[in-house]
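For what it's worth, my numbering labels the leading residue of the sequence shown as 1, then goes sequentially.
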Amino acid sequence: MEIFRNSRLRLTLIYSSIMCVFLIVLIVGVQKIMGWSFDSEQQRELSDAAEGIAEAQAYQIQHPNATIDENRYYRNTNDRLFFYVFDRWGQLVGFVRASVKVEPFILEYMNAEMLPIGETNVFSYPNENGRMTNIMMTSRKIRIDDIEQTIYVGKDVTALYSGLKKATIALIILGVLSLILASIIGHIMAGRAMIPMSEAYKRQKQFAADASHELRTPLAVIMASADLLLADKSIENPILREVIEDLKGEVKKMSKLVSDLLTIARSDNNAIKIKIQKLDLGELLEQNIRMMTPLAEKKGVELSGVNIRKCYIQGDEQKIKQLILILVDNAIKYTLSGGKVLVKLEKAGDSNAIFSVQDSGIGIAPEDQERIFERFYRVDKARSREMGGNGLGLSIAMEILKIHGGKISVKSELGVGTKFTVELKTSFEK
1 MEIFRNSRLR
11 LTLIYSSIMC
21 VFLIVLIVGV
31 QKIMGWSFDS
41 EQQRELSDAA
51 EGIAEAQAYQ
61 IQHPNATIDE
71 NRYYRNTNDR
81 LFFYVFDRWG
91 QLVGFVRASV
101 KVEPFILEYM
111 NAEMLPIGET
121 NVFSYPNENG
131 RMTNIMMTSR
141 KIRIDDIEQT
151 IYVGKDVTAL
161 YSGLKKATIA
171 LIILGVLSLI
181 LASIIGHIMA
191 GRAMIPMSEA
201 YKRQKQFAAD
211 ASHELRTPLA
221 VIMASADLLL
231 ADKSIENPIL
241 REVIEDLKGE
251 VKKMSKLVSD
261 LLTIARSDNN
271 AIKIKIQKLD
281 LGELLEQNIR
291 MMTPLAEKKG
301 VELSGVNIRK
311 CYIQGDEQKI
321 KQLILILVDN
331 AIKYTLSGGK
341 VLVKLEKAGD
351 SNAIFSVQDS
361 GIGIAPEDQE
371 RIFERFYRVD
381 KARSREMGGN
391 GLGLSIAMEI
401 LKIHGGKISV
411 KSELGVGTKF
421 TVELKTSFEK
C-alpha cells in the first residue's frame with residue numbers, strides 16, 4: 001500500500017535525521033575535545049620548558065661561571081623543543097635552534113613581536129610543498145638587577161595537528177557509515193512496525209467492501225418500499241407523505257455513500273475492472289451538461305459548455321462519466337444561486353486532452369487545496385452535510401484518474417470560485 005510505503009519512508013527519514021544530528025554533534029564534540037586535549041598538553045609542556053629555561057637563564061646570570069645541565073633545563077626530555085633568548089637590545093644570547101626549514105619564519109615572527117609575553121599561540125605557514133606547518137610558541141621575560149632577557153620557546157606541532165585532522169576525517173567516515181547502517185536498520189524496523197497496521201488496514205478495507213456490498217440490497221428494498229407508499233393514493237396525510245419523501249432522500253444519500261465506499265474499497269484492493277476503449281470526450285461532456293442542467297436550473301445556477309468539440313481519448317466510459325459528474329456536481333453544489341458553472345474543453349491534442357470545470361462559488365482556502373482529494377475531508381463540514389457531501393467525491397475522481405494515467409489540478413480563491421483542470425490521454429486513432 002502506498003500510504004504505508006510513504007509512512008515507512010517518513011519514519012526512516014525522521015530516524016535518519018535524528019541520527020544525523022546526533023552523529024554531527026558527537027563528531028564535533030569529539031573533535032573539539034581532542035583538539036583541546038592536544039593543545040592543553042602541548043601548552044603545559046611549553047610552559048614547563050619555558051619556566052625551566054627562564055630558571056636556567058636566571059641562574060646563569062647570577063652565576064656566570066657555573067655549568068648548566070642542558071638536558072635538564074633546555075631540552076626538557078624533548079628534542080623537538082627549541083628556544084631563543086634575547087637581551088633588551090635584541091641581541092641573541094642563547095638558543096637551541098629550530099629546524100633550518102622553519103627557523104627563518106620563527107625569527108621573523110619573533111622580530112615582529114607578535115607573541116605577547118606569557119601567552120601561548122599557534123601560527124601556521126605553508127612550507128615548500130604547499131603544506132601547512134604548525135608552530136606553537138610561548139614567551140617569558142626575566143629581570144635580574146639591571147639585566148633583562150626575553151625567552152621564546154616553541155615546538156613544531158605539525159604532526160600532532162595532522163594526526164588530529166586524520167582522526168577527524170576517520171570520525172566523519174565512520175559517522176557516514178554509521179548513518180547509512182542506522183538508516184538501513186531504521187527502514188527495516190519501520191517496515192516491521194508497519195506490518196500490524198497494514199494487516200489491520202487490510203481487514204478494515206475488506207470490512208468496508210463487504211459492508212458496502214451487503215447494505216446495497218436493504219437500501220434498495222427501503223427505496224422500493226418508499227416508492228410503493230408514495231404511489232398508494234390512500235395515504236393522503238401531507239405530513240406522512242413528506243416524511244416518506246424525506247425517507248427517500250436519506251436513502252438516496254446512504255445509497256450514494258455506500259456506492260462511493262464500495263468504489264474506494266475496490267480501488268484499494270485493485271479490484272476495479274475497467275474497459276479501455278476509444279471515447280469522444282466532447283460528447284461525454286455534452287451529455288453531462290444536458291443531464292445536470294435541470295439540477296443547476298433548480299438551484300438558480302447557469303450551467304454552460306464552451307469550446308465543446310470532438311476529442312477522442314482512451315478510457316473506461318462509465319468511469320470517465322463518473323469523473324465528469326463528480327466535478328460538475330461539486331461545482332453546482334458549492335455555487336450560490338445566480339452563479340455560473342462553465343465546462344470547457346481546453347485542449348484536444350495528439351497526446352493529451354484537457355478539460356476544465358470552473359464555478360463562481362465559495363472557493364477553497366489555500367491551506368485546504370492540498371487536502372481536498374483526501375478521503376472524507378470536507379472544507380466546511382457543516383455546509384457539506386447540508387449540501388449532501390460525504391467527502392469522497394474528489395478522492396474517487398483522483399482514483400479514476402490514477403487508473404487512467406491522468407492528472408488533475410485545482411486553482412481557487414475564496415469568494416471568487418474554483419477551477420478544476422483534468423488531463424487525459426488521447427487516442428492515437430482519429
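From the three backbone atoms N, C-alpha and C, an ideal C-beta is built for every residue, glycine too.
Source: prediction; values computed, not measured.
- May I ask you to verify whether the stretch 167-175 touches the stretch 29-44, counting CB pairs closer than 8 Å and requiring at least 3? Cβ pair count under 8 Å is three or more, so yes.
### Message
Please identify the residue among 331, 7 and 315 whose C-alpha is closest to the C-alpha of residue 281.
### Response
As a first step, residue 281 must be located in the sequence shown, where it is residue number 281. When only C-alpha atoms are compared, the closest one is 315.
_Can you tell me whether residue 319 is buried or exposed? The criterion is at least 16 other CB atoms within 10 Å of its CB, across all chains shown._
Here residue 319 corresponds to residue number 319 of the sequence shown, with the count starting at 1. Around the C-beta of residue 319, 16 or more other C-beta atoms lie within 10 Å, and the residue is accordingly described as buried.
* Simplified DSSP assignment, three categories, for residue 275 -> For the purposes of this step, residue 275 is taken as the residue at position 275 of the sequence shown. In the structure shown, residue 275 falls within a coil segment according to DSSP collapsed to helix, strand and coil.
Do you know offhand how far residue 415's Cα is from residue 329's? As a working note, residue 415 is residue 415 in the sequence shown. As a working note, residue 329 is residue 329 in the sequence shown. If I take the Cα positions, the gap works out to 19 Å.
Q.
Within the continuous beta strand (DSSP E) that includes residue 417, where are the two ends?
A. Translated into positions along the sequence shown, residue 417 becomes position 417. Start and end: 417-425.
Confirm, please, whether the CB-CB distance from residue 288 to residue 248 is below 8 Å. Residue 248 sits at position 248 when you count from the first residue of the sequence shown. Residue 288 sits at position 288 when you count from the first residue of the sequence shown. Going by C-beta atoms, residue 248 is not nearer than 8 Å to residue 288.
Next item on the list: Identify whether residue 85 lies in helix, strand or coil by the three-state DSSP scheme.
Entry: By one-based count along the sequence shown, residue 85 stands at place 85. Note: residue 85 maps to strand in three-state DSSP.
Excluding sequence positions up to five away, which residues of its chain have a Cβ less than 6 Å from the Cβ of residue 157?
For the purposes of this step, residue 157 is identified with residue 157 of the sequence shown, where counting begins at 1. Excluding its 5 nearest sequence neighbours in each direction, residue 157 has C-beta neighbours in its own chain below 6 Å: 42, 134 and 136, listed in chain order.
Q | For residue 359, the residue or residues it bridges with in DSSP | A | Working through the sequence shown from its first residue, we reach residue 359 at position 359. Paired residues: 341.
- Item | Inter-residue Cα distance where the pair is residue 141 and residue 15 | Stepping through the sequence shown from its first residue, residue 141 is reached at position 141. Stepping through the sequence shown from its first residue, residue 15 is reached at position 15. Distance between the alpha carbons of residue 141 and residue 15 is about 57 Å.
- What is the C-beta distance between residue 153 and residue 83, in whole angstroms, given that I count them as a contact (C-beta under 8 Å)? As a first step, residue 153 is located in the sequence shown; it is residue number 153 there, counting from the start. As a first step, residue 83 is located in the sequence shown; it is residue number 83 there, counting from the start. Cβ atoms of residue 153 and residue 83 come within 8 Å of each other, at about 4 Å.
| message | Would you call the stretch 326-341 in contact with the stretch 285-305, where contact means no fewer than 3 C-beta pairs closer than 8 Å? | response | In short, these stretches touch, since the Cβ pair count reaches three.
*asked:* Quick check on residue 90: does DSSP put it in helix, strand or coil?
replied: Here residue 90 refers to the residue found at position 90 of the sequence shown. DSSP places residue 90 in coil when its eight states are reduced to three.
Rounded to whole angstroms, what is the Cα-Cα separation between residue 413 and residue 363?
Start at 1 with the first residue of the sequence shown, and residue 413 comes out as number 413. Start at 1 with the first residue of the sequence shown, and residue 363 comes out as number 363. Rounded to the nearest whole angstrom, the C-alpha separation of residue 413 and residue 363 is 5 Å.
Tell me which same chain residues have a C-beta within less than 7 Å of the C-beta of residue 97, skipping the five on either side of it? Here residue 97 refers to the residue found at position 97 when the sequence shown is read from its first residue. In its chain, beyond the 5 residues on either side, 82 and 103 have a beta carbon closer than 7 Å to the beta carbon of residue 97.
Between which two residues does the alpha helix (DSSP H) containing residue 108 stretch?
-> As a working mapping, residue 108 is identified with position 108 in the sequence shown. Going by DSSP, residue 108 is part of the alpha helix (DSSP H) stretching over 103-111.
Exercise for review: Following the continuous alpha helix (DSSP H) through residue 330, name the residue where it begins and the one where it ends.
Suggested key: Counted from its first residue, the sequence shown places residue 330 at position 330. Start and end: 317-333.
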